[in-house]
């Protein structure tokens, strides 16, 4: 009995000495232990002791306390502390914390403390973590917690499988199945839910990093990516910047105009309130989907790189930059067509409270509009391209375009028309399109089923078939059955040319003004204004009208078709295609290589079917006719081409005929004579014919034409 009691005292002395040695190994300046207890609570323990405190110092400063309520020493030399609390006080280079557990062991050259059972870690700023066990390594200042981990701090809670806390850097890493939740504040704002394969919370550096299938759901904003890093403001737990990397996407709630963002990488910079976006940057395969009106889809923007500056509401753009393969898609909205706009780059400018007021697409621009037919609106499929730029004047957003200006080899194509110009202005509200070549050596041009029009400026009214062309107008009317109707004196299977200072073409009617001329081969009509009905083939030339007609006439004797060039002048000229009638009014004159010089207030030409041969002429009011051998005056004249017969009436009709030695005068109410004969028939009362009235040359025939 005495030997057994002596052995027990020796072991107690050994335990007390070991605790003292352990304190020295931890470089503690003091160590307090309890007395040896008996009976023992663990029969496997060699020695048990009551609670105590171990303090470690560095220099003059306290570095760590290990408070326990007892220890046990086992035959293998292990010492296990019960109800342990390790306290690491704060210093300039670290944040302080306490970590407690049911038991603890000091391991690895006494540099590590391993705690198990009901683990709890509390930092000086109230970050609290719990788990099954933890190991604190004093050499690197890292606490490692395996198993299921929970943490809380103010409104934030979280969990993971495994975690580490770097006390020196104040960084918490959640190793697997990381979850972070933030409750709303007192105003009901700021609710956030974060999920990832792992997560790091660098509290001193003010950021949270989520890795592997990361998602953040924040007040309706849903962010996802391979990794997500949330940066907080330096002085407050308010989000300043979010970086998403790898397969990134962002969904935004109503009523924001931004709906969906996607790219390889995305940066989100927030307003000072930490809730509304201030700037959005998307890199690689970037797409921005805007919210549509009602249930319909909204516009979308795609590019390799997109950068947007936003107004205080977090969705209205005040600045925009997009690079490489830029494409803007705007869906149809009622009568407004769907638009697909692309270019190499896009830059937009705007103002707070107004949104985007302008945007410029640069290089290889394509502007495509499509619209399905509907109530009161025609179908539309039109493409405009430009090599240089497209400038958009907008009302707050890229879908509200007031005016589009294209520069550089502009080409317009739709189902029935192609247009080209160095510059084009499209006014979307009215639909008017202006093609311009001003300031260049080039011209604007339109080609359609009616032919072509070239000039310095061409206005396409309401985007339809009506056009107004100005300055150096040159038009070609397409030949054949597909082209517009034209006057019968022009060959139907060949193009007809028109020049003027200005052209107004509306509803199948073309009005050319300013030294206008229409011609085909030797046949032409000129006037200050020429109006052509492209549906009927009727024509009206007003103001200094002049025509040259290359008519055909068959020789009665030989049957050979000969050219009969006829020149006409008048105040105006009208051609009625259905009647094949040309009317010269107001001081009319018609000069023919075969039919003489005919004048009157009004002259009518009747053509045979086909419009290339003259059937007859009618002249009215103060009519005069002069041929090589005759000069006739009267009130009315009819000329029949078939037999070369003139029928002239008046009160009286006077005909002067030149013979070799005399001039003969014939008068009467109605005279009939022939182009190739000297015979004159006199009809009517008081008709007389005087032979040899004058000698020599007839006075009228001696006057110049």
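In the numbering used here, the protein residues as written are 1403 to 2107.
Cβ atoms here follow ideal geometry from the backbone N, Cα and C, with glycine treated the same way.
Everything numeric in this text was worked out from a predicted model, so none of it was measured.
Residue of the options minimising C-alpha distance to residue i
i, options, result
"residue 1582", "1593, 1588, 1952 and 1880", "1593"
"residue 1686", "1725, 1969, 1660 and 1740", "1725"
"residue 1391", "1620, 1702 and 1575", "Not covered by the structure: residue 1391. The range shown for the chain is 1403 to 2107."
"residue 1807", "1834, 1601, 1799 and 1564", "1834"
"residue 2102", "2082, 2073, 2078 and 2066", "2066"
"residue 1681", "1718, 1545 and 1999", "1718"
"residue 2051", "1568, 1908 and 2075", "2075"
"residue 1891", "1850, 1966 and 1498", "1966"
"residue 1575", "1925, 1977, 1610 and 1776", "1610"
"residue 1784", "1772, 1792 and 1790", "1772"
"residue 1486", "1469, 1838 and 1855", "1469"
"residue 2008", "1980, 1566 and 1887", "1980"
"residue 2080", "2031, 1606, 1466 and 1465", "2031"
"residue 1857", "1900, 1815 and 1894", "1900"
"residue 1737", "1778, 1796 and 1764", "1778"
"residue 2021", "2082, 1999, 1798 and 2015", "1999"
"residue 1769", "1749, 1781, 1745 and 1775", "1745"
"residue 1735", "1558, 1865, 1710 and 1776", "1776"
"residue 1713", "1754, 1727, 1707 and 1457", "1754"
"residue 2057", "2014, 2070 and 2045", "2070"
"residue 1933", "1917, 1939 and 1912", "1912"
"residue 1624", "1504, 2036 and 1595", "1595"
C-beta contact flag for residue i and residue j at 8 Å
i, j, result
"residue 1627", "residue 1655", "no"
"residue 1846", "residue 1869", "no"
"residue 2029", "residue 1992", "no"
"residue 1580", "residue 1549", "no"
"residue 1853", "residue 1880", "yes"
"residue 1848", "residue 1821", "yes"
"residue 2002", "residue 2024", "yes"
"residue 2084", "residue 2068", "yes"
"residue 1937", "residue 1893", "no"
"residue 1810", "residue 1788", "yes"
"residue 1668", "residue 1653", "no"
"residue 1521", "residue 1534", "yes"
"residue 1838", "residue 1864", "no"
Per-residue DSSP class, three states only, for residue i
i, result
"residue 1792", "strand"
"residue 1472", "strand"
"residue 1705", "strand"
"residue 1863", "helix"
"residue 1548", "strand"
"residue 2094", "Its pLDDT being 41, under 50, residue 2094 is placed unreliably by the model, and nothing is read from it."
"residue 1570", "coil"
"residue 1431", "With a pLDDT of 41 at residue 1431, under the threshold of 50, the modelled position of that residue is not reliable, and no figure is offered here."
"residue 2037", "strand"
"residue 1912", "strand"
"residue 1947", "strand"
"residue 1781", "coil"
"residue 1775", "coil"
"residue 2062", "coil"
"residue 1447", "coil"
"residue 1413", "Only weak support exists for where residue 1413 lies, its pLDDT of 43 falling under 50; the coordinates are left without a value."
"residue 2102", "helix"
"residue 1843", "coil"
"residue 1851", "coil"
"residue 1799", "coil"
"residue 1511", "coil"
"residue 1924", "coil"
"residue 1529", "coil"
"residue 1689", "strand"
"residue 1654", "coil"
Residue i: CB within 7 Å of a non-hydrogen atom of the ligand ADP
i, result
"residue 1543", "Of the ligands one can find in the structure shown there are none, so the ligand ADP has no counterpart to examine."
Assumed close pair residue i, residue j - CB separation to whole angstroms, cut-off 8 Å
i, j, result
"residue 1919", "residue 1928", "5 Å"
"residue 1930", "residue 1915", "7 Å"
"residue 1570", "residue 1496", "5 Å"
"residue 1498", "residue 1525", "7 Å"
"residue 1543", "residue 1553", "Contact doesn't hold; Cβ gap of about 18 Å is too wide."
"residue 1818", "residue 1790", "Going by Cβ atoms, the distance from residue 1818 to residue 1790 rounds to 27 Å, so no, they are not a contact pair."
"residue 1904", "residue 1878", "About 17 Å separates the two Cβ atoms, so there is no contact after all."
* the region 1636-1646 in contact with the region 1666-1679 per 3-pair CB rule at 8 Å -> yes
* Asked: Is there contact here, the region 1730-1740 with the region 1752-1760, by at least three beta-carbon pairs under 8 Å?
  -> no
* Asked: Looking at C-beta atoms only, is the number of pairs between the region 1466-1474 and the region 1549-1565 that lie closer than 8 Å three or more?
  -> no
* To do: Could you say if the region 1974-1992 and the region 1953-1965 meet the contact criterion of at least three C-beta pairs nearer than 8 Å?
  => no
* Asked: Can you find at least 3 beta carbon pairs, one from the region 1627-1637 and one from the region 1692-1699, that sit closer than 8 Å?
  -> no
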